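Please read the structure below before turning to the comments.
Numbering (my numbering), first residue to last: -1 to 286.
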């Protein structure tokens, strides 16, 4: 292999990384050891600067200052790692225990008193000890309380760290695992609770008539809700969930509520741009 070809290959390799380094022509000679060392050092420094510039917009001003400093590479990496560790969220040293709460506090935070929470865990078949797919372990009572707290108050995961003493990712993992567990076991009941409704149709209809209803075969009331969602990427997806009435991206649910206040049937979600009549038609078709 000729020296000129080596020089051209050397220059082409440098230019592929965004910068052309002109070497001294050395016909019939390979690049010297010092030239190779300079090339590797300059290329690595430029590559590190390029990566730092790409991620600088996503970092704090202090990290950007460290990335653009003139300190040695090892010192800069050490300072960046130390600064990143300092900027992590502090997880409180708290262990969740239901015994710490009174019945009044438990009902205010989770909608149920402590004894009802224990009964609810058994009725929902939530195990005493849960382990998520991410290997996060917790008790069944704690998992149920995380779900009920999210249903009661639209808190961020960060707001629940002080209550449960877990990171945001752990709380999210437990929440999703518990929801999947409940849905997989009771999906038919959530869709329509036939067994409970079948035995109470007469009493429900009579209660409606006693309140002034003129129709004697009504047992539930149709109710719908529009839940706001994040704006999806892409114009077509954005238009599919955009609700013109609410002027925001959303998804819709349709429910049947019995006079005792229980949602006896839930249907959805469907796109936010759909009219309520379409969801009712789809629901009727699914019952046939």
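Where a beta carbon is used, it is the ideal one built from N, C-alpha and C, also for glycine.
Being a predicted model, the structure only gives us computed values, none of them experimental.
Extent of the continuous beta strand (DSSP E) to which residue 219 belongs: 219 to 226
Under the three-state DSSP convention, the category residue 256 falls into: coil
Through-space distance from residue 216 to residue 129, alpha-carbon basis: 45 Å
Environment of residue 257 [buried if 16+ CB atoms lie within 10 Å]: Buried, since its Cβ has 16 or more Cβ neighbours within 10 Å.
CB contact check: residue 216 to chain D, cutoff 8 Å: This model lacks chain D altogether; it includes just one protein chain.
DSSP state of residue 88 mapped onto helix, strand, coil: Residue 88 falls in the coil class under three-state DSSP.
Residue 175, buried or exposed, once every other Cβ within 10 Å from all chains shown has been counted against 16: buried
Boundaries of the alpha helix (DSSP H) in which residue 184 is found, first to last residue: 166 to 189
Pair within 8 Å by beta-carbon distance, residue 107 and residue 147: yes
Validate contact between the stretch 242 to 252 and the stretch 167 to 174 using beta carbons, cut 8 Å, 3 pairs: no
Helix, strand or coil at residue 131 [DSSP, three-state]: Here residue 131 sits in coil by DSSP.
Cα-Cα separation between residue 120 and residue 126, rounded to whole angstroms: Rounded to whole angstroms, residue 120 to residue 126 spans 9 Å at the Cα level.
Cβ shell of residue 39 (< 6 Å), same chain only, five flanking positions each side left out: Its pLDDT being 47, under 50, residue 39 is placed unreliably in this model, and the value from its coordinates should be taken loosely. If we look at residue 39 and ignore the five residues flanking it on each side, it has no Cβ neighbours.
Sequence-distant residues of the same chain with beta carbon closer than 8 Å to residue 225, five excluded per side: 248, 249, 250, 251, 267
Alpha-carbon to alpha-carbon, residue 143 and residue 166: Rounded to the nearest angstrom, the two C-alpha atoms are 15 Å apart.
Distance, residue 139 Cα to residue 93 Cα: 13 Å
Neighbour-count burial assignment, residue 229, 16 or more Cβ in a 10 Å radius: exposed
Proximity winner among 197, 214, 123, 152, relative to residue 182 (alpha-carbon distances): Comparing Cα positions, the closest option is 123.
Where residue 100 falls: helix, strand or coil (DSSP): coil
Assigned exposure category for residue 270 - 16 Cβ within 10 Å defines buried: buried
Residue 212, DSSP secondary structure in three states: DSSP, read as helix, strand or coil, puts residue 212 in coil.
Rounded separation between residue 115 and residue 102 - CA only: Roughly 13 Å separates the two Cα atoms.
Residue nearest to residue 91 in terms of C-alpha spacing, selected from 238, 221, 158: 158
For residue 198, the three-state DSSP class (helix, strand or coil): coil
Where the alpha helix (DSSP H) through residue 160 begins and ends: Bounds of the alpha helix (DSSP H) holding residue 160 are 155 to 162.
Residues near residue 223 by beta carbon distance below 8 Å, same chain, minus five either side: 250, 251, 253
DSSP three-state assignment for residue 246, whether helix, strand or coil: strand
Cα-Cα separation, residue 203 to residue 255: Roughly 13 Å separates the two Cα atoms.
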